[in-house]
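Peer 1: Structure in structure tokens, see below.
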Amino acid sequence: MSAVAQPREKREISIDTAPPVNVVQTVKDVREALALPRSSGSVIGLVPTMGALHPGHEALIGGARRECGIVVVSIFVNPLQFGPNEDYARYPRTLEKDVEICRRQGTDVVFNPSPDEMYPLPPLTFAEVTRVSEHLCGKFRPGHFRGVATVVLKLFNIVRPDRAYFGEKDMQQLAVIRRMVADLNIPVEIAAVPTVREPDGLAISSRNQHLNSAERKAAPVLYRALEEAVKRIRSGERDASKVREAAIAILESEPLVRIEYLEIVDPTEIQPLSTISGPVRIAAAVWIGGTRLIDNVAV
Ligand code: PAF
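Numbering-wise (our numbering), the sequence shown opens with residue 1158 and increments by one.
As structure tokens, this is what we get:
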């Protein structure tokens, strides 16, 4: 009797083929890891992060992976950009999980220095981008952008990337870095990656994990307020104070929200505008309980 071939059970098998990531802690080791690819002409992409990686970071790493031969992710919670009463100590640190995310996203090198490696001496030299840092977060977090620009400049000097990836969610940070690169002739191309949002509109951020369930439910009001401003501008309103009022009214409808700022600014020097006559960014920062959230949209 001949055997009858039975139809095979159809099963989805996903094979994780991503190779391990090279995790290095020192400036010397990251430079050594990049020496060969650099000399053979690979385009080096850098994604600077403070860890606690989420889908927003995955989009940055994905962009770098598509456009560069070598992808470096730095994970460093930079003390220099936190004020004395800010959340440096409680900033989430999840290295093992982060390295796994980097591996799955196809990162080649993770640079995870200690504070002593990055600042072996108390720094006396800083990068400060005036004017662009003046308003919005710069006003409420004195010294923050000086800390950001200084560490990013150090990372650029350590890694010497051809391209570096930043999220549009941190729009003022992106403008500060672009201006620093232009002013100081730093040979790196800055790539901006759109904000990744939850289905209810909340911009994904490492700090969202601090929200309790009532706060999390309230948080999408921030995006709704920005959308209201967009709607007013698209329907012809040119008076920035009227647009602000409409957006602020939406924020004020949520009792858990405390407004830090909501401004309409020009997208390059981040100066508040009174009349809308060209492309603008609407940016806001709010506190929900003990968590500070920021977001922005372009019109
Ligand atoms: O956006 C961040 O995570 C940080 O400000 C950065 C750019 C990694 C600098 O510490």
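For every residue, glycine included, the Cβ atom is placed at its ideal position computed from N, Cα and C.
Pick helix, strand or coil for residue 1380, following the three-state DSSP scheme.
Peer 2: Three-state DSSP puts residue 1380 in a helix.
Peer 1: Between the region 1377–1392 and the region 1229–1245, are three or more C-beta pairs nearer than 8 Å?
Peer 2: Judged by Cβ distances under 8 Å, the region 1377–1392 makes no contact with the region 1229–1245, as fewer than three pairs qualify.
Peer 1: Grab the span of the beta strand (DSSP E) containing residue 1417 for me, first residue to last.
Peer 2: 1414–1422 is the span of the beta strand (DSSP E), which, as asked, contains residue 1417.
Peer 1: For a test of the three-state rule: what should DSSP assign to residue 1436, helix, strand or coil?
Peer 2: If DSSP states are grouped into helix, strand and coil, residue 1436 belongs with coil.
Peer 1: Any idea what DSSP makes of residue 1215, helix, strand or coil?
Peer 2: Three-state DSSP puts residue 1215 in a helix.
Peer 1: For residue 1341, which beta-bridge partners are listed by DSSP?
Peer 2: In DSSP, residue 1341 forms no bridge with anything.
Peer 1: Short check: CB of residue 1446 to CB of residue 1369, under 8 Å?
Peer 2: Cβ atoms of residue 1446 and residue 1369: closer than 8 Å.
Peer 1: Helix, strand or coil: which one does DSSP assign to residue 1394?
Peer 2: Note: residue 1394 maps to coil in three-state DSSP.
Peer 1: Given 8 Å as the limit, is there contact between the region 1179–1189 and the region 1205–1221, that is, 3 or more CB pairs closer than that?
Peer 2: Segments in contact, no.
Peer 1: Buried or exposed, going by whether 16 or more other CB atoms sit within 10 Å of the CB of residue 1264?
Peer 2: So residue 1264 ends up on the buried side.
Peer 1: Assuming residue 1288 and residue 1240 are in contact, meaning their beta carbons sit under 8 Å apart, how far apart are those beta carbons, in whole angstroms?
Peer 2: No, residue 1288 and residue 1240 are not in contact; Cβ-Cβ is about 20 Å, not under 8 Å.
Peer 1: Please find out if some non-hydrogen atom of the ligand PAF comes closer than 7 Å to the beta-carbon of residue 1184.
Peer 2: For the ligand PAF, not one heavy atom lies less than 7 Å from the Cβ of residue 1184.
Peer 1: Are the region 1188–1196 and the region 1304–1313 touching, with three or more C-beta to C-beta distances below 8 Å?
Peer 2: Counting Cβ pairs under 8 Å, fewer than three are found: no touch.
Peer 1: Return the CA-CA distance between residue 1410 and residue 1275, expressed in angstroms with no decimal places.
Peer 2: The straight-line gap from Cα to Cα measures roughly 44 Å.
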